[in-house]
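Trainee:
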Amino acid sequence: MNATADHPLPCLGYGLGLRVDHYEALLDHPGNVEWLEIVSENYMVPGGRPLAWLERFRQRFPLVMHGVSLSIGSTDPLDDGYLARLSALAHRVEPAWISDHLCWTGVQGVNLHDLMPLPYTEEALAHVVERVSRVQDVLGRRILLENVSSYISFADAQLTEWQFLAAVAERADCLILLDINNIHVSAHNHGLSPLAYLDGIPAARVQQFHLAGHERGGQLLIDTHDAPIVDDVWQLYLQAVRRFGRVSTMIERDDHIPPLAELMAELDYARELALPLLQDVA
Amino acid sequence: MSGLQALQQRMLQAVLADKAPRLRGLRGDERADASSRMDVYRQGYRIRLRDALAPEFPGLHLLAGRDFGRLLKSYVAAHPSGHYNIRWHGAGLPAFLEYGLPWRERPALAEMARLDWAISTAFDAVDEVAVDPAELASVPAEAWADLHLRPQAHLQVLSGFCNVEAFRRAADRELARPRLRRYRRSRHLLVWRQALAVRYRLIEDDERMVLSAAMRDESFALLCDRLAEHHDPSAAMPRMAGILRGWLDDGVLAGWRLQQDSM
């Protein structure tokens, strides 16, 4: 687990999202899985099996925490109760880092349980930057924010998505979890250049990659995490490795979850793709 | 109100609306117009909630059969989610079925949902160490009157008239759908967690009564007095011993202490 000047947190290698279906298989045969990403909210519970399993994984793997409900872009007040539970979980898990999404998930006390996109405006930027700073104060560490897949865009946008993400990271001094599949999906849905997206992201802020599958819904691509990673995303991943170098990489699968061996094979493929490029860099 | 706030409120209403309204300020293109794009979120909200709730209510699924999908759909439409953990939206489903039409005309549905939800909440409730029977056996006989037994904090007693436990058991074991039975007298189901395993069983009226008394922190002497009201004197103590044995074997108790009640 080495940190470099560009990436101040350790590089964990290649990992998977921890899912109940794979609990026993992962403990019995961890194979090529070097680290695990947990969905924070699944373990922000008082006790029982989730925390008992978590303790076993904590002893075997480096863990990172990935949330879906921080709602950093919401105009509702930050949820202090949520932050307290997140902080308590972080004390228990001692994750390498904590991440969530650059989006909002609810407003007026209603949770939409979706990663709703923000308008890329100066107003939204100032709002998010201020809230990221407060969250980082509560957690006592820098967080990672992930780019989301989106299906709508806003007529009054003043910045591109990557400009917005980069500006949040720079102004709030947070890090970036770059989801390669989400770049592909959003680029397709909005007619953007995925390479321009990669070029617009400050390399020193990128701490983690996500890889995942998606599906087609009419003319749009939908971020479903229910299928193998497609070739276009693998190609974009290669471009990301060229641009950002060695970055902790993991595969997310949330539905139609295959046997662990299938995800391990995808992880090996990611490793094989990246290896020649990383050797060139070295 | 800021522009961002107003935008988020409009988007919220659009997601919750029965039909996708036209939202100003959104872009469409040749791939999809703005309404179709917003519809991805509108449909996703409903699918996501239904997909998250379904596994929390396997007994209800078996009992409601083909109506289960319609039931969840009507609940999601009537009750926006307010909790950051999507699973916790299930907390309101039993009451929705108890009071909402047409579901309240089938009271077994609400009973079933209550059992499913009690099991779900016990699953990740606070860990408590069960009382060691040997430890309790060391309490001198003369001190038992002042003994206060503390049941597990997450423990629940559900009262109803239907054999909902048979549906939950069948759902968990992938057995055939049982026949729904409705009883004249109310029945009581104890739901608790023993170590990491969630358990449930029927309890008699007298056990429910003394368990409730223990949860109110009444002394063992008072528990025995209450039991004596249900049994003749010669039967009360053996019955109390049997109930206590069951609680200890099942890990129902989380603690005890000796304290004289003030007069």
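Protein chains in written order, with my numbering: chain L, 3 to 284; chain F, 33 to 295. All C-beta atoms in this analysis are idealised placements derived from N, C-alpha and C, irrespective of residue type, glycine included. Here the structure is a predicted model, which is why all the values come from computation and not from measurement.
Give the residues of chain L in contact with Ala64 (chain F), contact being defined as C-beta atoms less than 7 Å apart.
Mentor: As a first step, residue 64 (chain F) must be located in the second sequence, where it is residue number 32. Chain L residues near Ala64 (chain F): Gly220, Gln221 and Leu222.
Trainee: Measuring CB to CB, does Val189 (chain F) end up less than 7 Å from Arg225 (chain F)?
Mentor: As a first step, residue 189 (chain F) is located in the second sequence; it is residue number 157 there, counting from the start. As a first step, residue 225 (chain F) is located in the second sequence; it is residue number 193 there, counting from the start. No, Cβ-Cβ distance for Val189 (chain F) and Arg225 (chain F) is not below 7 Å.
Trainee: Going along the chain, which unbroken runs of the beta strand (DSSP E) with 3 or more residues stay wholly within the segment 5–45 of chain L?
Mentor: 16–19 and 37–41
Trainee: Would you say Pro112 (chain F) faces chain L, with C-beta separation under 7 Å as the test?
Mentor: For the purposes of this step, residue 112 (chain F) is taken as the residue at position 80 of the second sequence. With 7 Å as the cut-off, Pro112 (chain F) counts as an interface residue toward chain L.
Trainee: Nearest to Leu285 (chain F) by CA position, among F:Arg63, F:Phe128 and F:Ser244, is which residue?
Mentor: Here residue 285 (chain F) is taken as the residue at index 253 of the second sequence, counted from 1. Answer by Cα proximity: F:Ser244.
Trainee: Between Leu223 (chain L) and Glu124 (chain L), what straight-line distance do the alpha-carbon atoms span, to the nearest angstrom?
Mentor: For the purposes of this step, residue 223 (chain L) is identified with residue 221 of the first sequence, where counting begins at 1. For the purposes of this step, residue 124 (chain L) is identified with residue 122 of the first sequence, where counting begins at 1. Leu223 (chain L) and Glu124 (chain L) have their C-alpha atoms roughly 28 Å apart.
Trainee: Check the Cβ-Cβ distances between Asn117 (chain F) and every residue of chain L, and say whether any is below 7 Å.
Mentor: Taking the second sequence and counting its residues from 1, one reaches residue 117 (chain F) at position 85. Yes, because at least one Cβ of chain L sits closer than 7 Å to the Cβ of Asn117 (chain F).
Trainee: If I'm right that Gln237 (chain L) touches Leu197 (chain L) with Cβ under 8 Å, what's the distance once you round it to whole angstroms?
Mentor: Numbered from its first residue, the first sequence carries residue 237 (chain L) at position 235. Numbered from its first residue, the first sequence carries residue 197 (chain L) at position 195. Not really, about 10 Å apart at Cβ, beyond 8 Å.
Trainee: Are Phe156 (chain L) and Pro204 (chain L) close, meaning C-beta to C-beta below 7 Å?
Mentor: Your numbering for residue 156 (chain L) matches position 154 in the first sequence. Your numbering for residue 204 (chain L) matches position 202 in the first sequence. Cβ atoms of Phe156 (chain L) and Pro204 (chain L): not closer than 7 Å.
Trainee: Is any beta-carbon of chain L found at less than 7 Å from that of Asp178 (chain F)?
Mentor: Position 146 of the second sequence holds residue 178 (chain F). By this cut-off, Asp178 (chain F) is not an interface position.
Trainee: From the DSSP secondary-structure annotation, give me the bridge partner or partners of Cys194 (chain F).
Mentor: By one-based count along the second sequence, residue 194 (chain F) stands at place 162. Answer is F:Arg214.
Trainee: Is the beta carbon of Val187 (chain L) sitting closer than 7 Å to the one on His216 (chain L)?
Mentor: The sequence position of residue 187 (chain L) within the first sequence is 185, counting from 1. The sequence position of residue 216 (chain L) within the first sequence is 214, counting from 1. A contact, by the Cβ cut-off of 7 Å.
Trainee: Indicate the three-state DSSP secondary structure (helix, strand or coil) for Trp149 (chain F) in the structure shown.
Mentor: The count along the second sequence starts at 1 and reaches residue 149 (chain F) at position 117. Reduced to three states, the DSSP call for Trp149 (chain F) is helix.
Trainee: With three or more C-beta pairs closer than 8 Å as the rule, is the segment 18–32 of chain L touching the segment 47–59 of chain L?
Mentor: yes
Trainee: What is the DSSP secondary structure of Gln40 (chain F), counted as helix, strand or coil?
Mentor: For this step, residue 40 (chain F) is matched to residue 8 along the second sequence. Helix at Gln40 (chain F).
Trainee: Does the beta-carbon of Gly69 (chain L) have 16 or more other beta-carbons within 10 angstroms, so that it is buried, or is it exposed?
Mentor: Walking along the first sequence from the start, residue 69 (chain L) turns up at place 67. Buried: at least 16 other Cβ atoms inside 10 Å.
Trainee: In whole angstroms, what separates the C-alpha of Leu18 (chain L) from that of Arg255 (chain L)?
Mentor: Counting from one through the first sequence, the residue named residue 18 (chain L) turns up at place 16. Counting from one through the first sequence, the residue named residue 255 (chain L) turns up at place 253. Whole-angstrom Cα-Cα distance: 8 Å.
Trainee: Judging by CA-CA distance, which residue of F:Glu261, F:Phe193, F:Arg211 and F:Val230 is the nearest neighbour of His220 (chain F)?
Mentor: The count along the second sequence starts at 1 and reaches residue 220 (chain F) at position 188. That would be F:Phe193, whose Cα lies nearest to the Cα of His220 (chain F).
Trainee: Spatial neighbours of Ala268 (chain F) within its chain, please: CB distance less than 8 Å, with the 5 preceding and 5 following residues excluded, ordered by chain position.
Mentor: As a working mapping, residue 268 (chain F) is identified with position 236 in the second sequence. Closer than 8 Å at the Cβ level, and outside the excluded window around Ala268 (chain F), lie Cys256, Leu259, Ala260 and His262.
Trainee: Just to check my reading of the structure: Leu55 (chain F) and Val112 (chain L) have Cβ atoms closer than 8 Å, yes? What is that Cβ distance to the nearest angstrom?
Mentor: The count along the second sequence starts at 1 and reaches residue 55 (chain F) at position 23. The count along the first sequence starts at 1 and reaches residue 112 (chain L) at position 110. Not confirmed; about 17 Å, so no contact.
Trainee: Is the segment 172–185 of chain L touching the segment 207–216 of chain L, taking contact as three or more C-beta pairs under 8 Å?
Mentor: yes
Trainee: Give a yes or no on whether the minimum CB-CB distance between Asp257 (chain F) and chain L is below 7 Å.
Mentor: Locating residue 257 (chain F) in the second sequence gives position 225, counting from the first residue. No, Asp257 (chain F) does not count as interfacial toward chain L.
Trainee: Take Gly295 (chain L) and list the residues in its own chain whose beta-carbon comes closer than 6 Å to its own, dropping the five residues that flank it on each side.
Mentor: An answer regarding residue 295 (chain L) cannot be provided, because it is not within the stretch 3 to 284 covered by chain L.
Trainee: Since Gly76 (chain F) and Met144 (chain F) should fall inside the 8 Å C-beta cutoff, what is the C-beta to C-beta distance between them, to a whole number of angstroms?
Mentor: By 1-based counting over the second sequence, the position of residue 76 (chain F) is 44. By 1-based counting over the second sequence, the position of residue 144 (chain F) is 112. That belief does not hold up - the Cβ atoms of Gly76 (chain F) and Met144 (chain F) are roughly 28 Å apart, past 8 Å.
Trainee: Return the chain-ordered list of same chain residues with a C-beta closer than 8 Å to the C-beta of Cys105 (chain L), the five sequence neighbours on each side being excluded.
Mentor: Indexing the first sequence from 1 puts residue 105 (chain L) at position 103. So the list reads Ser73, Ile74, Gly75, Leu117, Met118, Pro119, Leu120 and Val150, once near-sequence residues are dropped.
Trainee: DSSP has Trp279 (chain F) in a bridge; who is on the other side?
Mentor: Counting from one through the second sequence, the residue named residue 279 (chain F) turns up at place 247. BP columns for Trp279 (chain F) are empty, so no partner.
Trainee: So, under 8 Å CB-CB, Val95 (chain L) and Arg60 (chain L) are touching, yes? Tell me the CB distance rounded to an integer number of Å.
Mentor: Position 93 of the first sequence, counted from the start, is the residue given in the question as residue 95 (chain L). Position 58 of the first sequence, counted from the start, is the residue given in the question as residue 60 (chain L). Confirmed, about 6 Å.
Trainee: Quick check: is the beta carbon of Arg76 (chain F) nearer than 7 Å to any beta carbon in chain L?
Mentor: For the purposes of this step, residue 76 (chain F) is taken as residue 44 along the second sequence, with counting starting at 1. A small fix is needed here, since residue 76 (chain F) is Gly in this sequence, not Arg. Closer than 7 Å: yes.
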